[in-house]
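Heads up, the thing below is written out as structure tokens.
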Amino acid sequence: MSAPPILTELEPDALAETLAGLGAKPFHARQIYRWIYRRGVADFARMTDLSRDLRAKLERTFAIPTPAVTTRSESADGTVKFLLRLGDGREVESVFIPDTPAMTFCVSTQVGCAMRCGFCLTGRMGLLRNLTAGEIAAQVRVMAHDLDLAGRRFNIVLMGMGEPLHNYDETMKALRILAAECGLAVSPRRVTLSTVGVLPALERLAQEPLMPNLAVSLHATTEELRDRLVPVSRKYGLADLIAACRRFPLARRDRITFEYVLLRDVNDGVADARRLANLLRGIRSKVNVIPLNEAPGIPYRRPSDARIDRFAQTLADRHVTVSVRKSRGRDIRAACGQLIVEGARQAPGQRAAALLGSS
Ligand code: SF4
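Mapping to this note's numbering: the sequence shown position 148 is 1299, numbers consecutive.
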């Protein structure tokens, strides 16, 4: 017997269309979205404003898989790390950060990652599989209800495991599901998509009617170093990435965020900062400097505070807007690049540990 279709993979219009086949009206689709996303109810029997008959038909027709929280760790600073088990037993980690300055959910778009960035253990796993749109949106749904935040305003960052533009269609569909007014109603303006620069997909993103904020993980200022740290750069080079950023359409007050993981004696010199300022000249941008969170298996070190300050100051002196990311949730290994998924909980044959990357 084949598995029932998954209702949470349907956008509201598609759901309304599908429900019409069961004799339901379009407003029923909105009611169902409200139950699932606003009230956190994934059980048709509890959707009490639907008729008994419709509930029975839905029960027979659809499934609403909801990732199970297998581990929930809360940091002294309020950061909460969730380990979520998907339908096939794979696990992803998702994080709630209470004040960045708004409340923010950091979610994954893939299990593992094909990009193999040199400072990220997720990349070493390789890509295990893409998440579906429903699975990406479900991370927000589960965290919002666990924390009783479904009716509140929050931000979403696609900076967990995986490269969102390498799973383009499902990621964009997830953003449409999350934006649905009858659901969580998270405007794309409150979503930031972080990418290492998969250029054909970045060009597609530039055409989207509903566009999230863009963060580009740069990490290096020369082709040679970026090829080493971010191997996808061998295919889509630094100069081409910067050119694509220059062309990227920005609304009036928008800026592109450039993320720069700072690695001791690798990319943290004054010359690097000067080159970075030159590269970004003429692009409405800000730079988010992320001093490395050291972890076993990562062959790089965190720079000293003095070098971090000097790097940021060199940028600021050149009129670059710069912030240094403070590390959150270090006591529960929820800081950027520190989210460990225990190997025993991965599907058989997985590496012993995986790290949630910074995309
Ligand atoms: S940093 Fe992001 S894009 Fe790079 S390997 Fe890690 S998860 Fe993938």
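Cβ atoms here follow ideal geometry from the backbone N, Cα and C, with glycine treated the same way.
Note that this is a predicted model, so its numbers are computed, not measured.
Given residue i, which residues of its chain have a CB within under 8 Å of its CB, disregarding the five upstream and five downstream residues?
i	result
F1305	A1253, M1254, T1255, F1256, A1295, V1337, R1341
R1397	G1433, I1434
D1250	G1229
A1196	R1206, E1210
Whose CA, out of the options, lies closest to the CA of residue i?
i	options	result
G1532	D1204, R1181, F1270, S1259	With the chain covering 1152 to 1510 only, the question about residue 1532 has no answer from this structure.
M1312	G1240, L1369, M1276	M1276
H1317	T1346, I1307, A1325, E1332	T1346
I1307	T1343, S1224, R1406	T1343
F1409	F1462, P1400, R1415, A1366	A1366
M1198	D1419, T1212, Q1182	Q1182
S1224	R1211, D1204, D1297, I1157	D1297
V1381	G1274, E1210, A1196	G1274
F1462	G1172, A1428, D1391	A1428
P1315	Y1188, A1207, P1351	P1351
C1268	F1233, P1442, V1412	V1412
R1403	S1368, S1436, T1322	S1436
D1405	M1362, L1205, S1474, A1394	M1362
L1205	G1174, R1185, P1218	G1174
D1200	A1180, P1218, F1213, P1216	A1180
A1167	P1442, R1415, A1331, L1401	A1331
R1415	Y1184, P1450, T1222	P1450
T1322	Q1290, P1218, L1272	Q1290
P1163	P1177, S1153, V1349	P1177
D1299	R1189, A1171, I1441, L1401	R1189
A1154	G1172, P1216, R1203	P1216
L1356	F1233, P1218, P1400, G1172	P1400
A1193	I1407, C1333, G1172, P1218	P1218
N1281	Y1319, A1467, A1301, L1272	Y1319
K1386	R1452, G1348, V1417, E1359	G1348
T1212	R1185, F1233, A1171	A1171
Which residues in the same chain have their Cβ closer than 7 Å to the Cβ of residue i, if we skip the five residues on either side of it in sequence?
i	result
E1160	T1283, A1284, G1285
T1465	V1421, A1424, R1425
L1279	R1241, V1262, G1263
Which whole-angstrom value is the C-beta distance of residue i and residue j, which I expect to be below 8 Å?
i	j	result
L1431	V1471	6 Å
R1476	N1439	6 Å
F1247	V1231	4 Å
L1326	P1339	6 Å
V1220	L1237	Not quite, the Cβ-Cβ distance comes to about 12 Å (not below 8 Å), so this is no contact.
I1187	R1303	With 8 Å as the limit, I1187 and R1303 do not qualify as a contact, their Cβ atoms being about 17 Å apart.
DSSP puts residue i in a beta bridge; with which residues?
i	result
K1232	S1224, V1246
V1291	Paired residue(s): none; V1291 is not in a bridge.
G1263	L1278
N1306	T1255
N1364	T1343
N1439	E1410, S1474
I1157	A1214
R1467	The residue you asked about is not Arg; residue 1467 is Ala in the sequence shown. DSSP lists no partner for A1467.
A1219	R1236
Ignore the nearest five residues each way along the sequence and tell me which others in residue i's own chain have a CB closer than 6 Å to its CB.
i	result
R1377	A1371, S1384, L1389
Q1489	Confidence at Q1489 is low in this model, with a pLDDT of 40, below 50, so the placement of that residue is unreliable and no value is reported for it.
A1288	A1325, I1328, L1329
E1374	G1388, L1389
G1191	H1296
S1259	V1243, G1311, M1312, G1313
D1419	L1413, P1454, R1458, F1462
S1474	N1439
R1496	In this predicted model, R1496 has a pLDDT of only 33, less than 50, meaning its place in the structure is not dependable enough to derive any value.
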